[in-house]
Each structure stands twice: as C-alpha cells, then as structure tokens.
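Chemist:
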Amino acid sequence: MSPSGMNAGSLSHPSFIIEHMFDRLRNAHTELQSAMAAIEVDVVDAAGARELVGLADEVRRSGDSLRTVAVGQVERTNGWKGQGAKSISEWLSIETDCAQYEAQSVVVLAGQLQHLPVTQAALRSGELSGTQAVEVARGAIVAPNTETQLLNLSKHV
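The sequence shown begins at 12 in the numbering used here and counts up by one.
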C-alpha cells in the first residue's frame, strides 16, 4: 500500500508515477499556503483586491473540481466503506467538514460526470464552476445529446 492509501499494484500506473503525482500536489499546496500567508490584503489597492478575489476563485474551482472527481473514484472503489460512515455523502461530510447537503451534491455530480466526459473536462480545466457543472449535468443526464449546447450556455450565464 502506498503512502497515498492506494494499492498501486492494482492501478494502471506504476507506483512511482502515482507517488510523484501526489508529491507534486502536496508541494503545490504547501507553496500556495505560503504565498497566501505572505499576502497583506490590507495594503492592496482596489484593483489588486479584485485580482485576489479572481485568483482565489480559480484556486477554489481547482480544488472543488479535484475533490469532485476524486469522490467519484472513492465511490467507484468503495473507498469510503469501513471508515465509520453509513454512506459516501456522510463520509465526505465528515472527511471534509462540509455540510451534508454539499456532500450529497458533490457525490451526485461525481456520479453524473462519469457519463459526461466533456463536462468533466470543462470542470477540471476551470472553465466551469461546480455550480455550473451541476446545472449542465442535470440537463445532460436527461438529454445526453445536449451536453455541448448546455456547456456553451452555462459559460454565458
């Protein structure tokens, strides 16, 4: 079992590639925390404050998208079972200290994204927010041939 908690032998990637992926993410997180701690928001002018809001939103979108697709993998692998939760949404709520309704929404979206690769790619690239992805997924699951059209509409709303 690797330090990431995955059995690397059962994955399609060699274990060193997977560990490198986790190391890069941990290092990026550490660097981000350091950069955020160094920001003196009180001395930033209006334009700088607006830019900080935009950058913070990009960071949030990135984290939300990774969490969502990772939750999909946790569900597919039953990784939440045996962790003291009655459901994956309860596990997510406990694991990430989020509200149960938020956890349920993430779980539903993660499941839908398995069938909506274009929407998943748009979410992961930051083109869509989690809220936009939920709306696209709701429509595209009912009418799959509308996914691209719904994606285009969501970018203008």
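Idealized CB from N, CA, C, for every residue including glycine.
Consult DSSP for Ser165 and reduce its assignment to one of helix, strand or coil.
Modeler: Your numbering for residue 165 matches position 154 in the sequence shown. Helix, per DSSP.
Chemist: Report all residues from its chain with a CB closer than 7 Å to the CB of Pro25; omit the five preceding and five following residues, and keep chain order.
Modeler: Against the sequence shown, residue 25 aligns to sequence position 14. Cβ neighbours of Pro25 beyond the five flanking positions: none.
Chemist: Using the Cβ count rule (16 or more neighbours within 10 Å means buried), how would you classify Glu86?
Modeler: By one-based count along the sequence shown, residue 86 stands at place 75. Glu86 comes out buried.
Chemist: Which class does Val52 belong to by DSSP, given the choice of helix, strand or coil?
Modeler: The residue you call residue 52 lines up with position 41 of the sequence shown. Of the three classes helix, strand and coil, the one that applies to Val52 here is helix, per DSSP.
Chemist: Closest by CA to Gly141, which one among Trp91, Glu69, Asn156?
Modeler: On the sequence shown, position 130 is the one that residue 141 refers to. Among Trp91, Glu69, Asn156, the Cα nearest to that of Gly141 belongs to Glu69.
Chemist: Starting from Asp108 and walking both ways along the alpha helix (DSSP H), at which residues does that stretch end?
Modeler: Here residue 108 corresponds to residue number 97 of the sequence shown, with the count starting at 1. Unbroken run through Asp108: none, as it is neither H nor E.
Chemist: Between the alpha carbons of Gly65 and Leu124, how many angstroms are there, rounded?
Modeler: The count along the sequence shown starts at 1 and reaches residue 65 at position 54. The count along the sequence shown starts at 1 and reaches residue 124 at position 113. Those two C-alpha atoms are separated by around 25 Å.
Chemist: What distance in whole Å lies between the Cβ atoms of Ala121 and Val80, which are believed to be in contact at a cut-off of 8 Å?
Modeler: Numbered from its first residue, the sequence shown carries residue 80 at position 69. Numbered from its first residue, the sequence shown carries residue 121 at position 110. Rounded, the Cβ-Cβ distance is 7 Å, consistent with contact.
Chemist: Check Gly83 in the structure and name its three-state DSSP category.
Modeler: Working through the sequence shown from its first residue, we reach residue 83 at position 72. It is helical.
Chemist: Could you tell me the alpha carbon to alpha carbon distance between Pro128 and Ala39, rounded to whole angstroms?
Modeler: For the purposes of this step, residue 128 is identified with residue 117 of the sequence shown, where counting begins at 1. For the purposes of this step, residue 39 is identified with residue 28 of the sequence shown, where counting begins at 1. The alpha-carbon atoms of Pro128 and Ala39 are separated by roughly 26 Å.
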